[in-house]
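>
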Amino acid sequence: PPPPSPDLLTNSFEPEIRETILTIISAVLTTNQAISTYRNLCTSNALEITAIKTLSLTADANAISSLRQKYARLITAEMKMKREDVAAGRQGSGFADVWVYDLEDGEEGYGGDSEDECYDGTSDETHDEDEEEDDDVAPFENPVTELDRGYQNWI
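UniProt numbering numbers the first residue of the sequence shown as 1 and each following residue consecutively.
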């Protein structure tokens with residue numbers, strides 16, 4: 001049979017029934033439109049959530065990378081200070097530099113103009129002479145090489 005035409009709807013039913021059928025058809029169309037809008041919104045939200053996650057992960061990765069670079073520079077600076085202490089004959093003498101090196105500006109921290117503070121040797125820590133001899137015997141390597149070997153997995 002041919003599809004129903006508006007005339008068939010108009011001529012086949014009483015006015016109250018026609019009005020009810022038209023209301024139902026309108027409600028179905030509105031519901032379909034609402035479902036379509038909801039699906040589009042969900043898709044849009046999913047894309048936005050994915051974008052937010054990507055931005056968050058990127059920001060986290062950048063922050064971690066920055067921290068790793070600063071940590072690597074700190075390790076390199078600390079190894080350089082230890083090497084300078086050994087070259088100056090200060091290893092094991094109870095003398096320890098406690099100045100802070102500003103990794104960002106390349107200047108000394110804690111006031112900049114203040115003199116270096118030195119350890120006065122009054123700590124309760126004991127010093128083992130055999131341990132000092134072992135340290136003297138160990139060969140010194142390039143700090144970058146030591147950094148690569150010792151911290152490669154972390155960085």
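Cβ coordinates follow ideal geometry from the N, Cα and C atoms, glycine included.
(1) Does ALA72 come out as helix, strand or coil in the three-state DSSP assignment?
(2) May I have the straight-line CA-CA distance separating LEU47 from ILE75, to the nearest angstrom?
(3) Got a sec? Which residues, its chain only, sit under 7 Å from ILE155 by beta carbon, not counting five neighbours each side?
(4) Could you give the distance in angstroms between the alpha-carbon of GLU19 and the alpha-carbon of ALA27?
(5) Just the C-alpha distance for MET79 and THR50, rounded to the nearest angstrom, thanks.
(6) Reducing DSSP to helix, strand and coil, say where ALA88 ends up.
(7) Using three-state DSSP, classify GLU14 as helix, strand or coil.
(8) Can you give me the C-alpha to C-alpha distance between GLN33 and ILE25, rounded to a whole angstrom?
On the basis of the supplied data:
(1) helix
(2) 41 Å
(3) Per-residue confidence for ILE155 stands at a pLDDT of 45, beneath the threshold of 50, marking its modelled position as unreliable; no derived number is given.
(4) 12 Å
(5) 43 Å
(6) coil
(7) coil
(8) 12 Å
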